[in-house]
Amino acid sequence: MKKIVSLFMSRTQYDIRLVLLYALNVFDYLFTLVLISSGIFIEANPILSMNIDGIWGFVLKCIVPLVLLTYLHIRFLTDKPKHERIVKILLDCIIIYYGLINMFHIFWLTVTFVIFM
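Mapping of the sequence shown onto this note's numbering: position 53 corresponds to residue 142, and the numbering continues sequentially without gaps.
See below:
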């Protein structure tokens, strides 16, 4: 247990990427909930469209990514990735993708706010 706690205390070059990726994922979930509650939008993801506002939506969008990113964090601390540059590029691409999705959500939240005010 002490070893795991000490692993979390040390910082790596992947930490900021993993935290940013998780934050973007959670904001994607929150923005999606707000847009769906407006009644104008629907969830495009067929897996989440049934239960996005229920407990399973929260588990799939917040808990599962947290567990997976925590696992990656521990792996990055214990073993240096074989293809470090590729891992960084892939993480950056995923962050850009989620950033674009969040900007799309912010745009539609703004448009919805302006229309209904």
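No residue lacks a Cβ here, since even glycine has one placed at the ideal position from N, Cα and C.
Apart from the 5 residues on each side of it in sequence, residue 162 sits with its Cβ closer than 6 Å to the Cβ of 107 in its chain, given in chain order. Separation of residue 109 and residue 205 (C-alpha to C-alpha, rounded to the nearest whole angstrom) is 32 Å. Here residue 120 has 194 as same chain residues with Cβ atoms under 6 Å from its own Cβ, once five neighbours each way along the sequence are excluded. CA-to-CA, the gap between residue 104 and residue 139 works out to about 33 Å. No beta strand (DSSP E) of 3 residues or more sits fully in the region 116 to 196.
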